[in-house]
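Scroll down for the structure; my scribbles are underneath it.
Chains as they are written, first to last, in this note's numbering: chain A, 1 to 601; chain B, 1001 to 1601.
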């Protein structure tokens, strides 16, 4: 394998020389900036052997470096050994970013300008633009490093797409297109180019299975003033969907014709509306000029604000989803020491979910982590690395389902047997924060920056932080991580801007404690924003908690809670009991739910 | 008077015609963007008769409009009657801003380009730049609308300046200049141009009395790599100060020579460092080109972070300041019905402050407002409008002193006799927020956006908001409103950015309730940011409350407080009692302090 890697890099360098390329930049991303990318897009892995989910490769005529983050240092070190590729440990002191590294190479290059080549389809418009702006550099964005080199390359993802009925979506595609067109008119655009797969799936009320756990399909969509054109693989379409598209005013063209069509429309002088954060550099290169309107896709905000139908469906599906997690809890609490493993827990809850009527997929691969494993935020148990669940520790399970009636994301942490006072304290502080944020009442105009502290303050007071945001937006039978709403404490001007929280948005509330080598705690509920009331001061908003499953009372030390904390937990448990009791299937389940939603005094 | 106004405008229009000016833009600001401006700068009042503290005048050949905000609609209506000037009610639906109004005039003008004239010294760089960017407009920024017209114009402000000893400032001017020069070197600047008076006063450790309540002096400062030049009126300088400046490497030039010198330095090719938010358009016009480095004055952050000496001094002066307010409280609590007025209360506390050893001035004119008057945030009692203090209402007093050992700003609201349950509830909610923010522990990197909600949440839950920020930075024997730290809930990208809260910064914490026509409540303490601890998660910060005076227990309804709220108040009152008791002068004062800092159960 290492020899193969070396041979592939040698071949690449030969082609770089032929084309006067100095630096080749290689990612493992798909053409749509998807969060997960399929095997077909494993170009970085092909040239490095590195299988981590994050990392980029920079190859010059005489050096090669793989940039990845702390999660993967050990794995990358092993996988890169003897390949001639240096491991660049991102985030470590003195280690440049890929961009800084490339800029240094360009500054030190004899060639002028220094040519940076990449496949513009696998690089974001924003990053490609940064590379193009490097002093002394010129970019060649149509270079495919793989070429014909990859024997047995996995197939390009394609699945049969389907229409998500209006009883699930609550709004027709025609109506959604109309809303996009109103924004286009407001901005003065002729064509709106959508390339982000969840924006397309939402707009057309269509779903597919081309990206792991994201029910989307490979496509691009051009929305004109009267008609739209969907660029999609023909194998993805059956007759019903073709008819549906026709009726919706959407023409069908082959997926591969997208860039050509954009070039033609530019030649015709059409004004494009596109979202620089959500298109690749290939498209950006075609449309970038002073006429192009670069704004957030109108669909981003539309999609984030769930409509009445979606909310009713979500509310209902969360009851069933919560019942699954309650059964998982009952199962976990009933385990004898060493009886089961992390993967057993994941399988248990996965099987529960599959029984739900309109289950489609999981929102993401279930995270099941026991003991110290739960301290690793991105831990995934594997058959080779699968901890046994023992008494005296905590089991963290983060899971969710894609249902026709919506997407769920829930984390619960359970005490297995009796646990230490320190664990109880950490759990109770986490819970206080989770409840305080869920209980917020706030003026319209607050973004997640203004509210995040409510979730962190109890932990911060004890010198504890979790090194991530408090929560993310959640799609509807779509991506479980969805922009533009989120909860974050650190405001980085121009870098990570998040939207105001508006009624209809769904955001997770998931503070945690991660004690390296010891334990991990996360408690995650999804919050639906609602209008609370309106008066002379403005519109006040609040949250309704969608997620319904008991919080483990065995992990609570009530001495860390004040009267407000206790009232919040009791309120929540009262709702959980009321909503889930009818779904409990026998007396033992009902007793269990009763016990774990009992009122705290 | 109205005839005079008309004659002045006619004269102005004659000169506008002579010089081909289409629009004249007139402010009442001084040349340094000071918060308050002296009578000399009353150009807007001269041409309109309008005496409000905020407003601008736009005069064309055949129209005139005064733009002011809701506080002044009634007053402006009366003062503008029969002057031919239209009142433009800012913030009202359909009313353009001054800039929009001017842009509309330019768009509709036959002349091309349309000439907008103003005195660039009285307009901020940012706003002048906006005017210059109006389509079809050209600006003439050296037009003085007053000219020789103003018989008996008040004198240009000048006071004898003095050096603030290092025992107060904790750092020599030489050291401060060195720090500025290090920043200049980092940025690659030859000259740092300071025009904001507090930046100059801080840098040189000098103070004056040229702006009401701001102990600053009219000047500009150019800091070169080796020497600096202070542009100041010669009457402001005595021999001691001249010697001091000489020893500090600061040359003295006349105040009027500043712009000429800047022009010369530009001609020599010098690279300027200047702060676009803190210079006027006149200076900006001279220095603006691609070489000029436009960044925040390095002094802004330096000044905000108080040093050890300043902190020790401030801590001590707050004890004495708090004792004054405690005496005011005792006085107010002892009043019989109708015995005194708002102005009596202001006078009482002002006289108390004057007795403090190193008292220099008030931080701002004391606000004393009884009953419904306190609901007006900018209320000022006058001999004509001076409410009598009666039983059954609340008295709000917002006051502070400029001492050589620092600047204070404190608001207390007192029950006069027995007040309603509604008032107590509103007060208690305000107090909960004030205490929650003061008790915050947070990671370094938080700005006031991330923390503000802690002060508001208790009020927001009840549908109440105060329509202003929660707090502002406070200078040290300098401006009571000081950038760049503040607490605000609404994040406006690019508009109102505020700095991260850092150890040494002092920020007010002043939530309130303003019930129009009924009552006003504000509780204001100053918070000093300190390092709490540091661990693997980062540096944690917290606040120490500098302000020391009892919170009126008669206004607290304990049923709205949880155990944390009560503990916070008791902690605070314990500190107040400990620190102020030695300053109480007789048994009755000691008893009073004891009673009003008693532990809540």
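Glycine included, each C-beta is placed from N, C-alpha and C at the ideal position.
All values reported here derive from a predicted model rather than from experimental measurement.
For this session: If I'm right that residue 282 (chain A) touches residue 141 (chain A) with Cβ under 8 Å, what's the distance once you round it to whole angstroms?
Result: What you label residue 282 (chain A) is simply residue 282 of the first chain in a count that begins at 1. What you label residue 141 (chain A) is simply residue 141 of the first chain in a count that begins at 1. Correct: roughly 6 Å between the Cβ atoms.
Problem set entry | Cβ shell of residue 1438 (chain B) (< 7 Å), same chain only, five flanking positions each side left out | Looking up residue 1438 (chain B) in the second chain gives position 438. Only 1509, 1525, 1527, 1543, 1545 meet the Cβ criterion.
Exercise. From the DSSP output, which residues share a beta bridge with residue 318 (chain A)?
Worked result: Numbered from 1 along the first chain, position 318 holds the residue referred to as residue 318 (chain A). Beta bridge pairing from DSSP links residue 318 (chain A) with no other residue.
Problem set entry | Extent of the continuous beta strand (DSSP E) run through residue 1117 (chain B) | In the second chain, residue 1117 (chain B) corresponds to position 117, counting from 1. Counting along the chain, the beta strand (DSSP E) containing residue 1117 (chain B) begins and ends at 1114-1117.
Exercise. In terms of residue numbering, what span does the alpha helix (DSSP H) encompassing residue 1434 (chain B) cover?
Worked result: The residue you call residue 1434 (chain B) lines up with position 434 of the second chain. Where residue 1434 (chain B) is concerned, the enclosing alpha helix (DSSP H) stretches over 1421-1438.
Exercise. Of all Cβ atoms in chain B, is any one closer than 8 Å to the Cβ of residue 609 (chain A)?
Worked result: The shown model of chain A, from 1 to 601, leaves out residue 609 (chain A), and the question about it has no answer.
Exercise. Among all the DSSP beta bridges, which residues are the ones paired with residue 528 (chain A)?
Worked result: In the first chain, counting from the first residue as 1, residue 528 (chain A) sits at position 528. Per DSSP, A:506, A:544.
For this session: For residue 1122 (chain B), name the three-state secondary structure that DSSP assigns.
Result: Indexing the second chain from 1 puts residue 1122 (chain B) at position 122. Per DSSP, reduced to three states, the secondary structure at residue 1122 (chain B) is helical.
Exercise. Can you list, in chain order, the residues of the region 56-86 of chain A whose Cβ is nearer than 7 Å to any Cβ on chain B?
Worked result: Per Cβ criterion, the list is empty.
Exercise. Exposed or buried, what is residue 1317 (chain B) when buried is set at 16 or more other beta-carbons lying within 10 Å of its beta-carbon?
Worked result: Your numbering for residue 1317 (chain B) matches position 317 in the second chain. Per the 10 Å Cβ criterion, buried.
Exercise. Nearest chain A C-beta to residue 1563 (chain B) closer than 8 Å, yes or no?
Worked result: As a first step, residue 1563 (chain B) is located in the second chain; it is residue number 563 there, counting from the start. Residue 1563 (chain B) counts as touching chain A.
Exercise. Do you know how far the Cα of residue 185 (chain A) is from the Cα of residue 1097 (chain B)?
Worked result: For the purposes of this step, residue 1097 (chain B) is identified with residue 97 of the second chain, where counting begins at 1. For the purposes of this step, residue 185 (chain A) is identified with residue 185 of the first chain, where counting begins at 1. Cα to Cα, the separation comes out at about 26 Å.
Exercise. Okay, do the region 325-344 of chain A and the region 423-437 of chain A touch, 3+ Cβ pairs below 8 Å being the bar?
Worked result: No contact exists between the region 325-344 of chain A and the region 423-437 of chain A.
For this session: Note down the Cα distance separating residue 1356 (chain B) from residue 1405 (chain B), rounded to an integer number of angstroms.
Result: Along the second chain, one-based indexing puts residue 1356 (chain B) at 356. Along the second chain, one-based indexing puts residue 1405 (chain B) at 405. The C-alpha of residue 1356 (chain B) lies about 11 Å from the C-alpha of residue 1405 (chain B).
Exercise. Just checking, does the region 1129-1141 of chain B make contact with the region 1042-1055 of chain B on the three C-beta pairs under 8 Å criterion?
Worked result: The region 1129-1141 of chain B, when compared against the region 1042-1055 of chain B, does not touch it at the 8 Å Cβ threshold.
For this session: Would you give the residue range spanned by the alpha helix (DSSP H) that residue 56 (chain A) belongs to?
Result: One-based indexing of the first chain puts residue 56 (chain A) at position 56. DSSP places residue 56 (chain A) outside any alpha helix (DSSP H); the residue lies instead in the beta strand (DSSP E), whose first and last residues are 56-60.
Exercise. Excluding sequence positions up to five away, which residues of its chain have a Cβ less than 6 Å from the Cβ of residue 1082 (chain B)?
Worked result: Translated into positions along the second chain, residue 1082 (chain B) becomes position 82. Excluding sequence neighbours, residue 1082 (chain B) sits near 1002.
Exercise. What distance in whole Å lies between the Cβ atoms of residue 222 (chain A) and residue 180 (chain A), which are believed to be in contact at a cut-off of 8 Å?
Worked result: Residue mapping note: residue 180 (chain A) aligns to position 180 of the first chain, counting from 1. Residue mapping note: residue 222 (chain A) aligns to position 222 of the first chain, counting from 1. Actually they are not in contact, since the Cβ atoms of residue 180 (chain A) and residue 222 (chain A) sit about 11 Å apart, beyond 8 Å.
Exercise. Which runs of the alpha helix (DSSP H) fall wholly inside the region 122-172 of chain A and span at least 4 residues, in chain order?
Worked result: Those alpha helix (DSSP H) runs which fall completely within the region 122-172 of chain A and span 4+ residues are 125-132, 166-169.
Problem set entry | Beta carbon proximity, residue 1450 (chain B) to chain A, threshold 8 Å | Here residue 1450 (chain B) refers to the residue found at position 450 when the second chain is read from its first residue. Between residue 1450 (chain B) and chain A, the shortest Cβ-Cβ separation is below 8 Å.
For this session: Give the single residue among B:1235, B:1499, B:1421 whose Cα lies nearest to the Cα of residue 1472 (chain B).
Result: Position 472 of the second chain, counted from the start, is the residue given in the question as residue 1472 (chain B). Taking only the C-alpha atoms, the option nearest residue 1472 (chain B) is B:1499.
Exercise. How many angstroms separate the CA atom of residue 58 (chain A) from the CA atom of residue 117 (chain A)?
Worked result: Working through the first chain from its first residue, we reach residue 58 (chain A) at position 58. Working through the first chain from its first residue, we reach residue 117 (chain A) at position 117. Each residue's CA atom was taken as its position, placing residue 58 (chain A) and residue 117 (chain A) some 10 Å apart.
For this session: Within the same chain, show all residues whose beta-carbon is closer than 6 Å to that of residue 1212 (chain B), passing over the 5 residues directly before and after it, in chain order.
Result: As a working note, residue 1212 (chain B) is residue 212 in the second chain. Cβ contact annotation for residue 1212 (chain B) (same chain, cutoff 6 Å, sequence separation greater than five): 1036, in chain order.
Problem set entry | Residues of the region 517-537 of chain A whose Cβ lies closer than 7 Å to any Cβ of chain B, in chain order | Considering only beta carbons, the part of the region 517-537 of chain A lying closer than 7 Å to chain B consists of 533, 535, 537, in chain order.
Exercise. For residue 75 (chain A), which of helix, strand or coil comes out of DSSP?
Worked result: Counting from one through the first chain, the residue named residue 75 (chain A) turns up at place 75. DSSP, reduced to helix, strand and coil, places residue 75 (chain A) within a helical segment of the structure shown.
For this session: Note down the Cα distance separating residue 1261 (chain B) from residue 1194 (chain B), rounded to an integer number of angstroms.
Result: Counted from its first residue, the second chain places residue 1261 (chain B) at position 261. Counted from its first residue, the second chain places residue 1194 (chain B) at position 194. Take the alpha-carbon of residue 1261 (chain B) and the one of residue 1194 (chain B): they are about 13 Å apart.
Exercise. Within this structure, are the beta carbons of residue 123 (chain A) and residue 280 (chain A) separated by less than 8 Å?
Worked result: Residue mapping note: residue 123 (chain A) aligns to position 123 of the first chain, counting from 1. Residue mapping note: residue 280 (chain A) aligns to position 280 of the first chain, counting from 1. It is a contact, given that the beta carbons lie within the stated cut-off.
For this session: Rank B:1172, B:1084, B:1454 by C-alpha distance to the C-alpha of residue 1065 (chain B) and give the top, closest one.
Result: If you number the second chain from 1, residue 1065 (chain B) lands on position 65. For residue 1065 (chain B), the closest C-alpha among the options B:1172, B:1084, B:1454 is that of B:1084.
Exercise. Assuming residue 1361 (chain B) and residue 1215 (chain B) make a contact with CB atoms under 8 Å, what is their CB distance in whole Å?
Worked result: Sequence index remark: in the second chain, residue 1361 (chain B) carries index 361 (1-based). Sequence index remark: in the second chain, residue 1215 (chain B) carries index 215 (1-based). With a Cβ gap of about 6 Å, residue 1361 (chain B) and residue 1215 (chain B) count as contacting.
For this session: Below 7 Å CB to CB, which residues in the same chain sit around residue 1592 (chain B) once its five sequence neighbours on both sides are set aside?
Result: Locating residue 1592 (chain B) in the second chain gives position 592, counting from the first residue. Within the same chain, residue 1592 (chain B) has close Cβ partners 1330.
Exercise. Is it buried or exposed for residue 187 (chain A), if we count other Cβ within 10 angstroms and need 16 for buried?
Worked result: Start at 1 with the first residue of the first chain, and residue 187 (chain A) comes out as number 187. The residue is exposed, with fewer than 16 neighbouring Cβ atoms inside 10 Å.
Exercise. In three-state terms, what does DSSP make of residue 484 (chain A)?
Worked result: Within the first chain, residue 484 (chain A) is the residue found at index 484, counting from 1. Strand.
For this session: Report, in whole angstroms, the separation of the C-beta atoms of residue 1583 (chain B) and residue 1320 (chain B), which I expect to be a contact under 8 Å.
Result: Taking the second chain and counting its residues from 1, one reaches residue 1583 (chain B) at position 583. Taking the second chain and counting its residues from 1, one reaches residue 1320 (chain B) at position 320. The beta-carbon distance between residue 1583 (chain B) and residue 1320 (chain B), rounded to whole angstroms, is 7 Å. This is short enough to meet the 8 Å contact definition.
For this session: Please go through the same chain and pick out, in chain order, the residues whose beta-carbon is closer than 6 Å to the beta-carbon of residue 1611 (chain B), but skip the five residues on each side of it.
Result: As displayed, chain B neither begins before 1001 nor continues past 1601, which places residue 1611 (chain B) out of reach and without an answer.
For this session: Have a look at the DSSP bridge pairing and note the partners of residue 220 (chain A).
Result: The count along the first chain starts at 1 and reaches residue 220 (chain A) at position 220. Under DSSP, residue 220 (chain A) forms a beta bridge with A:231.
Problem set entry | Test: residue 1387 (chain B) CB closer than 8 Å to a CB of chain A | Counting from one through the second chain, the residue named residue 1387 (chain B) turns up at place 387. No Cβ of chain A is located within less than 8 Å of the beta carbon of residue 1387 (chain B).
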